[in-house]
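Here is the structure we will look at, set down as structure tokens.
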Amino acid sequence: MDKLEKMIYTQAYTGAESEVDPFSFSVITHSDGQLYIDEGTYSDEFFVGFTSKALLNRLDRYPGSFVFHVDATFKISQGDYTTFVCGISDKARTFPFVALFVASQRQESQYSTMLVSLRYIYQKVIGKLLVLHYVMGDAEDAL
Numbered sequence: 585m586d587k588l589e590k591m592i593y594t595q596a597y598t599g600a601e602s603e604v605d606p607f608s609f610s611v612i613t614h615s616d617g618q619l620y621i622d623e624g625t626y627s628d629e630f631f632v633g634f635t636s637k638a639l640l641n642r643l644d645r646y647p648g649s650f651v652f653h654v655d656a657t658f659k660i661s662q663g664d665y666t667t668f669v670c671g672i673s674d675k676a677r678t679f680p681f682v683a684l685f686v687a688s689q690r691q692e693s694q695y696s697t698m699l700v701s702l703r704y705i706y707q708k709v710i711g712k713l714l715v716l717h718y719v720m721g722d723a724e725d726a727l
């Protein structure tokens, strides 16, 4: 996990990133503000998000004009980590990607942490509160 930890820490959001530079973020931090990355056990969860300023700008529109989607998948990581893909769909039937989260577990608390983390970084980067009118999560679970 050392290489992964180093990449996450060096890519942590600072505010100096360009519009397209990817950065890592989370509301789970140490007391000094540094991202908290652990082994991913049940008691010490692993949770981190990745996005860019340009991707977050996709959410800067009237909240009633899009549906925010969250989809959990296990197919894009080599480990047993859950990957949450976040994006929006609009009238044009496009699916602009917004953020990616990696978590050690797939439980309700991770969905809450993901939304709180996204709201936190959106406000920090865009300078506005994130407002979502419509949210769809894991459509396959609805079947």
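Per the numbering used here, the sequence shown starts with residue 585, numbered consecutively. Ideal placement from N, C-alpha and C gives every residue a C-beta, glycine not left out. Only a predicted model underlies this, so the values are computations on that prediction, with no experimental measurement involved.
Let me confirm a value: residue i is counted as buried when at least 16 other C-beta atoms fall within 10 Å, else exposed. Which label applies?
i: Met591; result: exposed
i: Val700; result: exposed
i: Met698; result: buried
i: Tyr597; result: buried
i: Gly671; result: buried
i: Leu727; result: Here Leu727 scores only 41 on pLDDT, less than 50, and its place in the model is too uncertain to base an answer on.
i: Leu588; result: exposed
Is DSSP giving residue i helix, strand or coil here?
i: Asp586; result: helix
i: Ile710; result: helix
i: Ile705; result: helix
i: Ser649; result: helix
i: Thr594; result: helix
i: Thr667; result: strand
Restricting to Cα atoms, I'd like to know which of the options is closest to residue i.
i: Gly599; options: Leu699, Leu588, Val709, Met698; result: Val709
i: Phe630; options: Gln689, Ser693, Ile672; result: Gln689
i: Thr667; options: Arg642, Val686, Leu639; result: Val686
i: Thr566; options: Arg645, Leu684, Gly617; result: Any question about residue 566 goes unanswered here, given that the chain covers just 585 to 727.
i: Leu640; options: Val719, Gly711, Tyr718; result: Gly711
i: Ser673; options: Ser649, Tyr665, Glu692; result: Ser649
i: Arg642; options: Glu603, Asp616, Gly721, Glu692; result: Glu603
Our contact map puts residue i next to residue j with C-beta atoms below 8 Å; I'd like the distance itself, whole angstroms only.
i: Gln707; j: Leu716; result: Gln707 to Leu716, Cβ: 13 Å. No contact.
i: Tyr704; j: Val611; result: 5 Å
Is it true that the stretch 599 to 619 meets the stretch 630 to 645, where meeting means three or more beta-carbon pairs spaced less than 8 Å apart?
-> Under the three-pair Cβ rule at 8 Å, the stretch 599 to 619 counts as touching the stretch 630 to 645.
Segment contact flag, the stretch 648 to 655 with the stretch 673 to 691, C-beta cutoff 8 Å, min 3 pairs = Three or more Cβ pairs closer than 8 Å define a contact, and the stretch 648 to 655 meets that threshold against the stretch 673 to 691.
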